[in-house]
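**Q** Following this message is one structure expressed as structure tokens.
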């Protein structure tokens with residue numbers, strides 16, 4: 167019988183019984199005991215598979231993903247929640263990865279130049295330079311990217327016991343320093359270029375989700391031909407066709423990511439539009455503006471809502487003698503206060519209506535803590551008036567919300583109650 171992730175997790179968490187340990191049913195064994203034992207054995211295998219992958223250099227990355235709980239009547243978001251991952255999710259993921267790797271090897275044996283695969287090139291060092299310097303000078307951690315194993319080990323070591331989110335933040339930023347994974351035809355690249363850096367896999371493909379990815383449909387057709395179930399479609403026998411197909415799938419995959427981020431941005435705006443007082447939340451500094459001619463500002467991420475945005479300190483003049491910008495420590499200073507990359511701050515999130523732009527709405531972040539100068543001083547007021555409005559911030563709620571792992575796409579963005587769907591069907595009848 168099919169199980170939800172939560173049901174499977176409940177079985178995994180149950181204490182072991184003698185029948186589970188012996189793997190043999192007894193006179194007192196119930197169907198639930200048999201099911202529980204089976205799930206527990208799968209979980210045990212999954213842990214071993216994962217341990218082997220990690221030992222080989224597979225990366226555990228992260229993203230600021232959130233999901234929305236929608237009202238059953240209006241379908242407007244009523245809550246924003248972090249996407250919780252259970253061991254049951256990891257269990258399914260491990261067997262999906264195993265299936266994808268196994269199928270990629272099978273189709274390669276039969277079609278060495280016509281297989282649809284997925285590659286993830288090793289990152290450029292220049293792409294990691296900024297993160298390496300910030301981690302070293304702001305928190306004293308060394309990030310090494312000689313290979314995926316050393317990167318995984320240095321990320322594991324970068325822990326601050328008093329601030330557990332710091333490690334997740336490093337993993338989020340590491341994901342963004344990497345090139346995206348891409349579909350390709352095996353005949354276009356040398357075998358050494360087939361490698362998937364993030365998964366530490368010599369060959370990899372997408373096979374497990376043909377109901378929602380066309381690449382998986384193509385791989386199913388290649389596998390069917392390889393095991394003699396059906397003949398290979400003529401088009402899949404053309405390298406030029408596969409080249410064009412892979413390029414199109416990469417474009418479509420990117421477009422789907424952008425659409426997903428736009429959806430998150432829209433739902434976030436609707437959610438905060440219903441709260442006139444705004445919300446005050448913890449945020450972490452991702453970057454600071456070190457340009458001496460610009461308004462002092464810094465970029466933050468709000469873990470609770472997955473929001474990213476730039477906070478502008480418009481009440482402080484760029485030429486204020488009390489303002490310091492330290493390029494060595496990636497920090498802003500003002501009258502004894504300091505804001506540095508990776509610091510935790512408090513921000514207020516609210517929605518501003520743009521009267522001059524036909525009532526369009528914009529998400530705003532304001533700094534609450536630490537107190538960085540006086541936002542109501544005379545200099546600040548004059549500067550704001552000259553700019554024609556209040557101090558504000560440009561917010562990108564989409565961010566770079568890459569997947570927790572580079573090829574695990576089983577992450578729904580919006581959760582719609584089943585109750586609302588039933589009501590809709592009744593109304594149509």
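Residue numbers (my numbering): 167 to 595.
Ideal Cβ positions, reconstructed from N, Cα and C, are used throughout, including at glycine.
1. What are the uninterrupted segments assigned as beta strand (DSSP E) that are 3 or more residues long and contained completely in the stretch 191 to 220, given in chain order?
2. Spell out the partners DSSP gives residue 520 in its beta bridges.
3. Looking at residue 175: is its Cβ nearer than 8 Å to the Cβ of residue 256?
4. Flag residue 327 as yes if its beta-carbon sits less than 8 Å from any beta-carbon of chain C, otherwise no.
5. Under DSSP, the beta strand (DSSP E) around residue 272 begins and ends at which residues?
6. Secondary structure at residue 300, three-state DSSP: helix, strand or coil?
7. Out of curiosity, what's the CA-to-CA distance linking residue 415 and residue 233?
8. If distances are taken between C-alpha atoms only, which option among 171, 319, 230 comes closest to residue 258?
9. Roughly how many whole angstroms lie between the Cα atoms of residue 294 and residue 312?
10. Residue 227 and residue 426 look like a contact to me (Cβ under 8 Å); what is the Cβ gap, rounded to whole Å?
11. CB-CB under 7 Å to residue 383, same chain, minus the five flanking residues each way: which ones, in chain order?
12. Please determine if the stretch 205 to 221 and the stretch 244 to 252 are in contact, where contact requires at least 3 C-beta pairs separated by less than 8 Å.
13. My assumption, with CB atoms under 8 Å, is that residue 519 sits in contact with residue 510. Please give the rounded CB distance.
14. At which residues does the beta strand (DSSP E) containing residue 127 begin and terminate?
15. Could you check the C-alpha separation between residue 453 and residue 296 for me, to the nearest Å?
16. Who are the Cβ neighbours of residue 338 in its own chain at under 7 Å, not counting the five residues just before and after it?
17. Compute the Euclidean distance between the alpha carbons of residue 515 and residue 317, then round it to the nearest angstrom.
18. Just to confirm my understanding: we take residue 536, look at its own chain, exclude 5 residues before and 5 after, and list those with CB closer than 6 Å. What are they?
19. When the Cα of residue 430 is compared with those of 407, 401, 397, 472, which residue comes out closest?
20. Within 8 Å, do at least three Cβ pairs link the stretch 400 to 412 to the stretch 300 to 307?
21. CA-CA distance, residue 491 and residue 440?
22. Closer than 6 Å by C-beta to residue 499: which residues in its own chain qualify, once you throw out the five before and the five after it? Chain order, please.
23. Start and end of the alpha helix (DSSP H) containing residue 452?
24. Is it buried or exposed, residue 463, if we count other Cβ atoms within 10 angstroms and call 16 or more buried?
25. Would residue 467 and residue 539 qualify as a contact pair, given that the criterion is a beta-carbon distance under 8 Å?
26. Of the choices 506, 486, 335, whose alpha-carbon is the least far from that of residue 493?
27. Pull up the distance between the alpha-carbon of residue 160 and that of residue 465, whole angstroms please.
28. Could you give the residue range of the alpha helix (DSSP H) that holds residue 320?
29. Since residue 428 is in the beta strand (DSSP E), which residue starts that stretch and which ends it?
30. Measure the C-alpha to C-alpha separation of residue 341 and residue 285 and round it to an integer number of angstroms.
31. Indicate the three-state DSSP secondary structure (helix, strand or coil) for residue 353 in the structure shown.
32. What does a CB cutoff of less than 7 Å around residue 180 pick up in its chain, not counting 5 residues either side in sequence?
33. Evaluate contact between the stretch 264 to 278 and the stretch 386 to 399, counting only Cβ atoms and requiring at least three cross-stretch pairs below 8 Å.
34. Tell me which residues share the same chain as residue 222 and place their Cβ nearer than 7 Å to its Cβ, disregarding the 5 neighbours each side in the sequence.
35. Helix, strand or coil: how does DSSP classify residue 307 here?
**A** From the atom records:
1. none
2. The sequence position of residue 520 within the chain shown is 354, counting from 1. 526, per the DSSP bridge assignment.
3. For the purposes of this step, residue 175 is taken as the residue at position 9 of the chain shown. For the purposes of this step, residue 256 is taken as the residue at position 90 of the chain shown. No, Cβ-Cβ distance for residue 175 and residue 256 is not below 8 Å.
4. Among the chains of the structure shown, chain C does not appear; only one protein chain is present.
5. The sequence position of residue 272 within the chain shown is 106, counting from 1. Taken as a continuous stretch (DSSP letters only), residue 272 belongs to no beta strand (DSSP E), being part of the alpha helix (DSSP H) at 253 to 276.
6. The residue labelled residue 300 in the question sits at position 134 within the chain shown. The answer is helix: DSSP assigns residue 300 an H, G or I state.
7. For this step, residue 415 is matched to residue 249 along the chain shown. For this step, residue 233 is matched to residue 67 along the chain shown. In a straight line, the C-alpha of residue 415 is about 26 Å away from that of residue 233.
8. In the chain shown, residue 258 corresponds to position 92, counting from 1. Among 171, 319, 230, the Cα nearest to that of residue 258 belongs to 171.
9. As a first step, residue 294 is located in the chain shown; it is residue number 128 there, counting from the start. As a first step, residue 312 is located in the chain shown; it is residue number 146 there, counting from the start. The alpha-carbon atoms of residue 294 and residue 312 are separated by roughly 11 Å.
10. Numbered from its first residue, the chain shown carries residue 227 at position 61. Numbered from its first residue, the chain shown carries residue 426 at position 260. With a Cβ gap of about 17 Å, residue 227 and residue 426 do not count as contacting.
11. Sequence index remark: in the chain shown, residue 383 carries index 217 (1-based). Excluding residues within five positions, the ones whose Cβ falls inside 7 Å are 376.
12. no
13. Here residue 519 refers to the residue found at position 353 when the chain shown is read from its first residue. Here residue 510 refers to the residue found at position 344 when the chain shown is read from its first residue. Not quite, the Cβ-Cβ distance comes to about 30 Å (not below 8 Å), so this is no contact.
14. This structure leaves residue 127 out entirely; the chain is present only between 167 and 595.
15. Numbered from 1 along the chain shown, position 287 holds the residue referred to as residue 453. Numbered from 1 along the chain shown, position 130 holds the residue referred to as residue 296. Taking the straight line joining both Cα atoms gives about 10 Å.
16. Position 172 of the chain shown, counting from 1, holds the residue named residue 338. Counting only Cβ-Cβ distances below 7 Å, and skipping sequence neighbours, we find 228, 229, 230.
17. Locating residue 515 in the chain shown gives position 349, where the first residue counts as 1. Locating residue 317 in the chain shown gives position 151, where the first residue counts as 1. Rounded to whole angstroms, residue 515 to residue 317 spans 34 Å at the Cα level.
18. For the purposes of this step, residue 536 is taken as the residue at position 370 of the chain shown. Hits under 6 Å: 503.
19. The sequence position of residue 430 within the chain shown is 264, counting from 1. For the residues 407, 401, 397, 472, the minimum Cα distance to residue 430 belongs to 472.
20. no
21. Sequence index remark: in the chain shown, residue 491 carries index 325 (1-based). Sequence index remark: in the chain shown, residue 440 carries index 274 (1-based). Distance between the alpha carbons of residue 491 and residue 440: 37 Å.
22. By 1-based counting over the chain shown, the position of residue 499 is 333. Cβ within range, chain order: 490.
23. To locate residue 452, count along the chain shown from 1; it is residue 286. It is not in any alpha helix (DSSP H) - residue 452 instead sits in the beta strand (DSSP E) that spans 445 to 454.
24. Against the chain shown, residue 463 aligns to sequence position 297. When all chains shown are included, residue 463 counts as buried.
25. Start at 1 with the first residue of the chain shown, and residue 467 comes out as number 301. Start at 1 with the first residue of the chain shown, and residue 539 comes out as number 373. Not closer than 8 Å, so no.
26. On the chain shown, residue 493 is found 327 positions in, with the first residue counted as 1. Out of 506, 486, 335, 506 has the C-alpha closest to the C-alpha of residue 493.
27. The structure shown has nothing for residue 160, since the chain only spans 167 to 595.
28. Taking the first residue of the chain shown as position 1, residue 320 is located at position 154. First-last of the alpha helix (DSSP H) with residue 320: 314 to 323.
29. Counting from one through the chain shown, the residue named residue 428 turns up at place 262. Looking at the DSSP string, residue 428 is not in any beta strand (DSSP E); the run it does join, the alpha helix (DSSP H), is 405 to 439.
30. As a working mapping, residue 341 is identified with position 175 in the chain shown. As a working mapping, residue 285 is identified with position 119 in the chain shown. Distance between the alpha carbons of residue 341 and residue 285: 15 Å.
31. On the chain shown, position 187 is the one that residue 353 refers to. Residue 353: helix per DSSP, three-state reduction.
32. Position 14 of the chain shown, counted from the first residue, corresponds to residue 180. Cβ neighbours of residue 180 beyond the five flanking positions: 202.
33. yes
34. Position 56 of the chain shown, counting from 1, holds the residue named residue 222. These residues qualify, in order along the chain: 366.
35. Looking up residue 307 in the chain shown gives position 141. Coil at residue 307, not helix or strand.
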